[in-house]
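Student: Residue numbers (the working numbering): 104 to 235.
Quick one: this structure, given as structure tokens, is what I'll be asking you about.
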Amino acid sequence: MVQRHPPTWQDVMPSTPSRSSGAESSQPLSDRVRYRTAEAGLAFDRHLSASRLRPKARNNKATLAPEVRRETQALRRVFHELGESHRKYRRRTGEHITPGLREAARAFKQAPTLASLVAVAVFLDELGLIGW
């Protein structure tokens, strides 16, 4: 029996730059969210390698496996980006948050996974708020 390992961040990164001229909009939303999360994971790596130079106090997050911590941080970073986009939209339009989006956000906070993040992104994509 062959053991399968989860894909690395490089495996899910697009072969072309992520900021191309709207080509991503033709890709499925789940792929676009996966790519954006991979970019956030790379940013987390850069931050982590830069912060290794300075000693830090240990906290509970240090007990998580590095891959799990990295994935969770990347998912949360994209979630916060989506949240900021939606807050700007609501300030501009005066709209209120929909119950479906609120429930999707609550589900993501309880279990931050790619699938729960895609559920949040669906609402924002319908509003045209996702530019990647």
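For each residue, glycine too, the CB sits at the ideal point set by N, CA and C.
Quick one: Cα of residue 182 to Cα of residue 220, how far?
Tutor: Along the sequence shown, one-based indexing puts residue 182 at 79. Along the sequence shown, one-based indexing puts residue 220 at 117. C-alpha separation (whole angstroms): 7 Å.
Student: Are the beta-carbon atoms belonging to residue 140 and residue 178 less than 8 Å from one another?
Tutor: Here residue 140 corresponds to residue number 37 of the sequence shown, with the count starting at 1. Here residue 178 corresponds to residue number 75 of the sequence shown, with the count starting at 1. In contact: residue 140 and residue 178 (Cβ atoms closer than 8 Å).
Student: When burial is assigned at 16 or more other CB atoms within 10 Å of the CB, is residue 233 buried or exposed?
Tutor: Along the sequence shown, one-based indexing puts residue 233 at 130. It counts as buried.
Student: May I ask you to report which of helix, strand or coil DSSP gives residue 229?
Tutor: Taking the sequence shown and counting its residues from 1, the one referred to as residue 229 is at position 126. Helix.
Student: Count the other CB atoms within 10 Å of the CB of residue 144; is the residue buried (16 or more) or exposed (fewer)?
Tutor: Locating residue 144 in the sequence shown gives position 41, counting from the first residue. It counts as buried.
Student: Give a yes or no on whether the C-beta atoms belonging to residue 227 and residue 199 are separated by under 8 Å.
Tutor: Counted from its first residue, the sequence shown places residue 227 at position 124. Counted from its first residue, the sequence shown places residue 199 at position 96. No, the Cβ-Cβ distance between residue 227 and residue 199 is not below 8 Å.
Student: Closest by CA to residue 137, which one among 149, 175, 202, 210?
Tutor: Along the sequence shown, one-based indexing puts residue 137 at 34. Nearest of 149, 175, 202, 210 to residue 137, Cα basis: 175.
Student: Taking the alpha-carbon of residue 149 as reference, which of 217, 173, 133, 134 has the nearest alpha-carbon?
Tutor: Counted from its first residue, the sequence shown places residue 149 at position 46. If we check each option's Cα against that of residue 149, 173 comes out closest.
Student: Where does residue 131 fall in DSSP's three states?
Tutor: Along the sequence shown, one-based indexing puts residue 131 at 28. Reduced to three states, the DSSP call for residue 131 is coil.
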